[in-house]
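Asks: Here's a structure for you.
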Amino acid sequence: MILRALVCTLLAAQPSALPQAATAPQAAKVAAQPPATEPQPQQSQRVVTDAATRIGKGLRCPVCQGMPIAESPASMAQDMMKLVREMLAQGKSAEQIEAYFVGRYGEWVLLQPPAHGFNWLVWLLPPLSLLLALAWMLLGRRPGAPSVAPAVPQAE
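Mind the numbering: the sequence shown is residues 79 to 234 in my numbering, read in order.
Structure below.
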């Protein structure tokens, strides 16, 4: 809860980090203009939508924290998905789109951080911890170890 409040405060302090919301007059202007590109065939729209969903499942929603933008009901996530679809329609690759969002929000926006630099710990620490725990359990239970019986007072 505190983290969410901190992120909201930081995002509110930097309005340039958020996508600009269109006001009602601007939205009316955009709606009145003809589309910039000709309508695509239905199959290519399906390809763009599928690719946008794949990319959206790898990007974190800044509002919902742990949810991908493809599944988030937040308006900011929906705006981000719209931007992903537009960039795909312009011919940009998934890597270019992810790089755009990383440049805008930082590596935090990626649900699966890349394995380089300090991020190697995220990938290596869990399996390494599991191996160390398994080794400790196996070596701690040596078959030749004497068992300690509780001391029983002797009756005289």
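Ideal placement from N, C-alpha and C gives every residue a C-beta, glycine not left out.
Bear in mind that the values here come from a model prediction, so they are computed numbers and not experimental data.
(1) Measure the C-alpha to C-alpha separation of Arg132 and Leu202 and round it to an integer number of angstroms.
(2) What would DSSP say about Leu202, mapped onto helix, strand or coil?
(3) Under three-state DSSP, which class holds Met215?
(4) If you draw a straight line from the alpha carbon of Gly218 to that of Leu208, how long is it in whole angstroms?
(5) With distances taken between CB atoms, is the gap from Ala172 to Ala129 smaller than 8 Å?
(6) Nearest-angstrom Cα distance between Thr127 and Ala148?
(7) Across which residues does DSSP place Pro146 in a beta bridge pair?
(8) Would DSSP call Leu189 helix, strand or coil?
(9) Quick check on this structure: which residue in Trp186, Val162 and Gln156 has the alpha carbon closest to the alpha carbon of Val125?
(10) Quick check on the burial criterion: 16 or more other C-beta atoms within 10 angstroms. Buried or exposed for Ser150?
(11) Tell me whether the beta-carbon of Gly136 lies closer than 8 Å to the beta-carbon of Gln190.
(12) Here's a check: name, in chain order, each residue in its chain whose Cβ is nearer than 6 Å to the Cβ of Val141, leaving out the five neighbours to either side.
(13) Got a sec, what are the start and stop residues for the alpha helix (DSSP H) Lys160 sits in?
(14) Which residues in the same chain as Leu206 place their Cβ atom closer than 6 Å to its Cβ, once the five residues preceding and following it in sequence are excluded?
(15) Terminal residues of the continuous alpha helix (DSSP H) containing Ala177?
(16) How big is the Cα-Cα spacing for Tyr183 and Arg138?
Replies: Put simply:
(1) If you number the sequence shown from 1, residue 132 lands on position 54. If you number the sequence shown from 1, residue 202 lands on position 124. About 25 Å.
(2) Taking the sequence shown and counting its residues from 1, the one referred to as residue 202 is at position 124. Here Leu202 sits in helix by DSSP.
(3) Translated into positions along the sequence shown, residue 215 becomes position 137. Three-state result, Met215: helix.
(4) For the purposes of this step, residue 218 is identified with residue 140 of the sequence shown, where counting begins at 1. For the purposes of this step, residue 208 is identified with residue 130 of the sequence shown, where counting begins at 1. Answer to the nearest angstrom: the Cα atoms are 15 Å apart.
(5) Taking the sequence shown and counting its residues from 1, the one referred to as residue 172 is at position 94. Taking the sequence shown and counting its residues from 1, the one referred to as residue 129 is at position 51. Closer than 8 Å, so yes.
(6) As a working note, residue 127 is residue 49 in the sequence shown. As a working note, residue 148 is residue 70 in the sequence shown. Going by the C-alpha atoms only, they are around 11 Å apart.
(7) Start at 1 with the first residue of the sequence shown, and residue 146 comes out as number 68. Looking at the DSSP assignment, Pro146 forms a beta bridge with Arg138.
(8) What you label residue 189 is simply residue 111 of the sequence shown in a count that begins at 1. Looking at Leu189 - three-state DSSP - the assignment turns out to be coil, as it is neither helix nor strand.
(9) Start at 1 with the first residue of the sequence shown, and residue 125 comes out as number 47. The option with the nearest alpha carbon to Val125 is Val162.
(10) Position 72 of the sequence shown, counted from the first residue, corresponds to residue 150. Buried, because 16 or more other Cβ atoms sit within 10 Å of the Cβ of Ser150.
(11) Locating residue 136 in the sequence shown gives position 58, counting from the first residue. Locating residue 190 in the sequence shown gives position 112, counting from the first residue. A contact, by the Cβ cut-off of 8 Å.
(12) Against the sequence shown, residue 141 aligns to sequence position 63. Cβ neighbours of Val141 beyond the five flanking positions: Ala152 and Met154.
(13) For the purposes of this step, residue 160 is taken as the residue at position 82 of the sequence shown. Taken as a continuous stretch (DSSP letters only), the alpha helix (DSSP H) holding Lys160 covers Ser153 to Ala167.
(14) Translated into positions along the sequence shown, residue 206 becomes position 128. No residues qualify anywhere along the chain.
(15) Counting from one through the sequence shown, the residue named residue 177 turns up at place 99. Residues Ala172 to Tyr183.
(16) Within the sequence shown, residue 183 is the residue found at index 105, counting from 1. Within the sequence shown, residue 138 is the residue found at index 60, counting from 1. Each residue's alpha carbon lies about 10 Å from the other.
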